[in-house]
Amino acid sequence: MPFLHLQNVDYSYPSGESDYITALRSVNITVERGEFVALVGCNGSGKSTLARLCNGLIVPDGGEVTVDGMPTSDKSALYDIRKKIGVVFQNPDNQTVTTVVEDDVAFGPENLGLPPAEIRERVDRALRAVGMSEHAKSGPMRLSGGQKQRVAIAGVLAIKPELMVLDEATGMLDPDGRREVLDVVKKLNRDENMAVLMITHFMEEAAEADRIIILDRGSVVADGGRELFATPEVFTDAGLDLPVYVRVAQKLKARGMDIGCPLSARQFVTAVKARLDGDGGNV
Amino acid sequence: MISVKNLSYVYSPKTPFNTQALFGINVDINDGDFFGIIGNTGAGKSTLVSHFNALTRVQKNSGTVFVDDVDLSAKKLDLKKLRAKVGMVFQYPEYQLFDDTVEKDVMFGPKNLGLPVDEQRSRAKAAIELVGLDYAEIAGRSPFELSGGQKRRVALAGVLAMRPEILVLDEPTAGIDPIGKRKLMELICDIKKTCPTIIMISHNMDEIASYCNRIAVLDRGTVKGVFAPRELFGSRELLEKCGVELPLVTELAVGLADAGIDIDRSIIDQDELVCAILKAGKYA
Chain A
212 MPFLHLQNVD YSYPSGESDY ITALRSVNIT VERGEFVALV GCNGSGKSTL
262 ARLCNGLIVP DGGEVTVDGM PTSDKSALYD IRKKIGVVFQ NPDNQTVTTV
312 VEDDVAFGPE NLGLPPAEIR ERVDRALRAV GMSEHAKSGP MRLSGGQKQR
362 VAIAGVLAIK PELMVLDEAT GMLDPDGRRE VLDVVKKLNR DENMAVLMIT
412 HFMEEAAEAD RIIILDRGSV VADGGRELFA TPEVFTDAGL DLPVYVRVAQ
462 KLKARGMDIG CPLSARQFVT AVKARLDGDG GNV
Chain B
2 MISVKNLSYV YSPKTPFNTQ ALFGINVDIN DGDFFGIIGN TGAGKSTLVS
52 HFNALTRVQK NSGTVFVDDV DLSAKKLDLK KLRAKVGMVF QYPEYQLFDD
102 TVEKDVMFGP KNLGLPVDEQ RSRAKAAIEL VGLDYAEIAG RSPFELSGGQ
152 KRRVALAGVL AMRPEILVLD EPTAGIDPIG KRKLMELICD IKKTCPTIIM
202 ISHNMDEIAS YCNRIAVLDR GTVKGVFAPR ELFGSRELLE KCGVELPLVT
252 ELAVGLADAG IDIDRSIIDQ DELVCAILKA GKYA
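If you read the sequences in order, they're chains A and B.
Under our numbering, the first residue of the first sequence is numbered 212, with each subsequent residue one higher.
Under our numbering, the first residue of the second sequence is numbered 2, with each subsequent residue one higher.
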């Protein structure tokens, strides 16, 4: 059974007195333990609604969301579900609850009713994992955006979830902050086998995931590995961009130089070099 | 034109939280510039631009800021006039929408300029149309039921309704999807036809490289320099000195050059890169 399973999920928001806006329609998504999945889609595609469904902040109108077999519609299971899935949202300022970094990280485990020694250990470990140990006693408001978001991640980590959902968690950060957060998440996925569902607009970020799911106006329109970039229409039809190396490769192909579909900047360079060397410059 | 001379700024002076944000900044922004300001979090970008419409006042003995011939370090300032001239669009401006209809929200600026109601309304209509929204369809709706992209456009219209001559944009495309980003940048180029001077803070080097004619690099409260895009992105030395990351296209060009291919390292445009590669392979 998949760890996170959305089966035929429908969700709509009320709009005005009697109208509804459909946010998600018959959505089927799975995330396995240890997987790194990117969820992409343009504004209004239903990405954030999906994030909220994962840990039962909202429950589907139709269909079912299960976490490790437990449906999110079962209120008595919510406590256990939220131990298994942690969500990091876009704005770190909205996710800070205390005035000292380590207290903020301790908030989750304290609410799990853990013994103090265990809380201490989890907080230290979580702050170490995100590289924020030296700021344990600082006030969160005096940190940079990237640092604050790493503290928010530490707060989720201290719960020891098996899946972390990041809802555009790097959206408000500068390039350095974005890299800090991405590196931490990748490391946790690699070293701790924590599954990641990363919702993002940055196609270069999505290209680093094991699997990419594309959401368009409330429906899943593609679900696959990076080979999806070989069929760029699935991205562009959903109102998305492509990583710049894919776009340049397409333009080269249109002008008669086919270098295939590079899946990273490095592959792009290698492919161009190989093609130019192979041609010997006499095409 | 905006002229900043030797500007310093200290937050919470004479308290334990005393933090100096700007250290003797000198920068001139000319009429007609699409002026980029880059630098990491904490570099002082927002502090600097918030001086331009006197939201942040020049502190005593801390330099001067002139907008045309108006001295912003003067004690008495015609703030109304200044703020009609210098429009400021903050980060995530949609958080500042407040009225119950789009039209009223956009009319708020002109109303505060003391304009007659007819004029407020006609300016709101023009501004809403300028940002690419359908006035008849949207004017009576609540701004809060719009999509994120629409909200941002409404917020931008609210500033444009003041008919500024200088527009300051703090990360205008943050949080918007890639195609929406491109459309918004095209819109900003359109706006530039009527509001000739644009100042844009951005972390997106591709946008900075494609749209700005001059770029100021800020670092921990100082100006590292003001450069033309190619001058900055083509010089490895400058980039390293300023801690600036490359536009993605330039990164590819540099990768190719490093691999021994004859390619200019200062390329900032996709089509240009395509041509350069084709030329290197004698496809062109």
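Glycine is no exception: its CB is placed at the ideal position from the N, C-alpha and C atoms.
No experiment lies behind these values; they were computed from the predicted model shown.
Annotation: the continuous beta strand (DSSP E) that includes A/Y222 extends over 215 to 226. Nearest C-alpha to B/P197 among B/I209, B/H204, B/V169: B/V169. Distance from the CA of A/V432 to the CA of A/V248, rounded to the nearest whole angstrom, comes to 15 angstroms.
Judged by pairs of C-beta atoms under 8 angstroms, the segment 197 to 213 of chain B does not touch the segment 348 to 363 of chain A, as fewer than three such pairs exist. Between the segment 401 to 409 of chain A and the segment 432 to 452 of chain A there are fewer than three inter-stretch CB-CB distances shorter than 8 angstroms, so the stretches are not counted as touching. Cβ-Cβ distances below 8 angstroms link A/D421 to E246, F247, V248, G436 in the same chain, with the five nearest sequence neighbours on each side left out; the list follows chain order. DSSP, reduced to helix, strand and coil, places A/E275 within a strand of the structure shown. Taking 8 angstroms as the Cβ-Cβ cut-off, the segment 31 to 58 of chain B approaches chain A at N41, T42, G43, given in chain order. Around the C-beta of A/L268, fewer than 16 other C-beta atoms lie within 10 Å, and the residue is accordingly described as exposed. With a 10 Å radius around the Cβ and a threshold of 16 neighbouring Cβ atoms, B/N19 comes out exposed. In terms of Cα proximity to A/V270, the closest of A/S284, A/S223, A/E419, A/V299 is A/S284. Distance from the CA atom of B/E146 to the CA atom of B/V155, rounded to whole angstroms, is 12 angstroms. Listed by position along chain A, the residues whose Cβ is nearer than 8 angstroms to that of B/E187 form an empty set, because the closest Cβ is around 14 angstroms away. Residue pairing for B/D72: DSSP places it in a beta bridge opposite B/F67.
Collapsing the DSSP output to three states places A/D434 in a strand. At a Cβ-Cβ threshold of 7 angstroms, B/T102 and B/G141 count as neighbours.
The beta carbon of B/G37 is closer than 6 angstroms to those of M201, I209, C213, I216 in its chain, skipping five residues each way along the sequence. Counted as a single uninterrupted DSSP element, the alpha helix (DSSP H) harbouring A/Y456 occupies residues 455 to 465.
Secondary structure of B/Q21 (DSSP, three-state): strand. The Cβ neighbour count for B/L80, taken over all protein chains shown within 10 Å, is under 16; the residue is labelled exposed.
With a 10 Å radius around the Cβ and a threshold of 16 neighbouring Cβ atoms, B/F99 comes out exposed.
Taking 7 angstroms as the Cβ-Cβ cut-off, the segment 454 to 471 of chain A approaches chain B at V455, Y456, R458, V459, K462, L463, R466, G467, M468, given in chain order. Listed by position along chain B, the residues whose Cβ is nearer than 7 angstroms to that of A/D315 form an empty set, because the closest Cβ is around 19 angstroms away.
In this structure, B/G159 and B/F234 do not form a Cβ contact; the two beta carbons are roughly 34 angstroms apart against a cut-off of 8 angstroms. Per DSSP, reduced to three states, the secondary structure at B/S203 is coil, with no helix or strand assignment.
If you keep only unbroken beta strand (DSSP E) runs of at least 3 residues inside the segment 129 to 173 of chain B, you get 167 to 171. For B/S51, the three-state secondary structure derived from DSSP is coil. In this structure, the beta-carbon distance from B/V255 to A/L463 does not fall below 7 angstroms. Residue B/K194 holds the alpha-carbon nearest to the alpha-carbon of B/P165 among B/A137, B/M186, B/K194. Its chain contains G366, A369, I370 as the residues whose beta carbon lies nearer than 6 angstroms to that of A/G319, once the 5 sequence neighbours on both sides are disregarded; these appear in chain order. Taking each of B/P173, B/T251, B/L279, B/D178 in turn and checking the Cα distance to B/P94, the smallest one comes out for B/P173. The Cβ atoms of A/L215 and A/V242 sit closer than 7 angstroms to each other.
Residues of chain B whose Cβ lies closer than 7 angstroms to the Cβ of A/N254 are, in chain order, S148, G149, G150, I177, D178, G181.
In terms of Cα proximity to B/R183, the closest of A/P443, A/D452, A/G489 is A/D452. By the neighbour-count definition (other C-beta atoms within 10 Å, threshold 16), A/I410 is a buried residue. Here the alpha carbon of A/F446 sits roughly 43 angstroms from the alpha carbon of B/M2.
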